[in-house]
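The structure under discussion appears below in the form of structure tokens.
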Amino acid sequence: MDRHVWTDEETEVFVSFMEELVIEGRIADAGQFRPGSFEKLAAKLNERFPSGGFQITHCKNKVKRLKEKYQFAADMAGCSGFGWDDVKQCMVVDNKEILAAYMKKQGVRLYTPGKPFPLYTRLEKIFCKERANGDAAVCGNDAEEEVQINGYEEMDEDDTDFFNSNHDCSESLLQQSNSVASSSGKKQGKKPSSFKAAKDTKMMKELTDTLKYVFDQQGKRLDAFAQAMVNTREEKKTGDILSELGFTDDEVISIALKFSTNPQLEKMFWSLGNSQKIGFIRAILHT
């Protein structure tokens with residue numbers, strides 16, 4: 001089966017269909033595509049582009065490519081020296097040294113600063129929660145493995161020359177970034193949240209919530225345990241003190257039964273002195 005080279009129009013429509021899946025709830029909070037989602041995407045694409053011959057594997061690979069490109073750009077945006085230009089709809093970098101160091105660390109280049117990426121903000125709404133979980137693979141029942149067709153991944157129309165060459169675009173990129181830096185009066189859009197920042201924020205929130213729950217539960221257990229110990233000591237002390245005051249075992253049992261049916265009597269008992277306790281108990285026994 002031949003690979004499918006996506007046109008800009010097809011990609012634009014494909015992202016629109018993915019946004020519809022989000023609205024319909026077919027993409028879960030973790031970014032997983034629910035069963036039947038890829039079939040629906042392929043059917044909608046073939047309806048829109050009758051001669052496209054779109055298949056489920058084409059859709060899976062396209063999601064994988066878009067996700068990788070978005071996550072690469074989002075991670076880049078969170079690093080020092082990089083930022084997002086709302087006007088030009090692309091990532092920008094301060095200088096070529098920063099870019100070279102970043103690319104060396106990553107080992108791959110899935111997006112080049114200075115190249116327009118108008119789908120970035122739309123893909124953020126689709127993949128942002130998944131990115132926060134650090135899940136970079138297409139997942140779910142419809143995408144249990146990363147699919148390639150005859151050894152090729154799906155290609156975008158404007159990416160074919162990039163993946164078939166190793167040319168260095170640093171000089172043109174430097175000119176672009178210097179142009180942005182020199183325009184001090186030009187307002188750049190805010191830098192979007194990075195993959196690391198989003199991931200750290202989620203981890204901290206989950207840790208805080210977990211610790212709060214554990215401490216709350218431990219507090220409840222300790223309170224219950226302490227109360228049980230107090231009740232045990234008081235019950236034991238009640239019997240002991242009544243025996244010490246000269247009451248027989250039958251009288252102690254009778255008093256215990258009265259205390260169990262009327263806890264207020266027991267509270268009054270403990271509020272009295274020993275001499276008063278005797279009179280109080282005898283009064284109860286004769287009622």
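Quick note on the UniProt record's numbering: the sequence shown kicks off at 1 and runs consecutively. Every residue, glycine too, gets a C-beta built ideally from N, C-alpha and C. A quick note: this is a predicted structure, and the numbers were derived from the prediction, not measured.
| In three-state terms, what does DSSP make of Phe127? | In the sequence shown, the residue the question calls residue 127 occupies position 127. Phe127 falls in the helix class under three-state DSSP.
| Which ranges does the beta strand (DSSP E) cover as unbroken runs of at least 3 residues, wholly within the stretch 39-86, from first to last along the chain? | 82-85
| field | For Val92, three-class secondary structure by DSSP | value | Working through the sequence shown from its first residue, we reach residue 92 at position 92. Note: Val92 maps to strand in three-state DSSP.
| I think Cys90 touches Pro116, with their Cβ atoms under 8 angstroms apart; what is that distance to the nearest whole Å? | Translated into the one-based positions of the sequence shown, residue 90 becomes position 90. Translated into the one-based positions of the sequence shown, residue 116 becomes position 116. Indeed, because the Cβ distance is near 5 angstroms, the residues count as touching under 8 angstroms.
| request: Would you kindly report the start and end of the unbroken alpha helix (DSSP H) that includes residue 304? | output: In this structure the chain extends from 1 to 287, so residue 304 is not present and cannot be described.
| What does a CB cutoff of less than 8 angstroms around Arg122 pick up in its chain, not counting 5 residues either side in sequence? | Working through the sequence shown from its first residue, we reach residue 122 at position 122. Only Val15, Glu19 meet the Cβ criterion.
| said: Considering Cα atoms alone, identify which of Leu272, Leu285, Gly114 is closest to Asp250. | reply: In the sequence shown, residue 250 corresponds to position 250, counting from 1. Closest by alpha carbon: Leu285.
| field | Opposing strand residues paired with Phe33 [DSSP bridges] | value | Numbered from its first residue, the sequence shown carries residue 33 at position 33. Partner(s): Ile27.
| query | In the structure shown, what three-state DSSP assignment does Ser271 receive? | reply | Here residue 271 is taken as the residue at index 271 of the sequence shown, counted from 1. Of the three classes helix, strand and coil, the one that applies to Ser271 here is coil, per DSSP.
| field | Closest residue to Leu119 among Ser260, Val63, Lys44 (Cα-Cα distance) | value | One-based indexing of the sequence shown puts residue 119 at position 119. Checking every option, the nearest Cα to that of Leu119 belongs to Val63.
| query | Which residues in the same chain have their Cβ closer than 6 angstroms to the Cβ of Asn95, if we skip the five residues on either side of it in sequence? | reply | Start at 1 with the first residue of the sequence shown, and residue 95 comes out as number 95. Nothing listed; no residue qualifies.
| task | From the DSSP output, in three-state form, read off Tyr111 for me. | result | On the sequence shown, residue 111 is found 111 positions in, with the first residue counted as 1. Shown here, Tyr111 sits in coil according to DSSP, grouped into three states, outside any helix or strand.
| request: Please classify Lys105: is it buried, with 16 or more other beta-carbons within 10 angstroms of its beta-carbon, or exposed? | output: Position 105 of the sequence shown holds residue 105. Counting Cβ neighbours within 10 Å, Lys105 comes out exposed, since fewer than 16 surround it.
| request: Mark Glu47 as exposed unless 16 or more other C-beta atoms lie within 10 angstroms of its C-beta, in which case mark it buried. | output: On the sequence shown, residue 47 is found 47 positions in, with the first residue counted as 1. Flag for Glu47 reads exposed.
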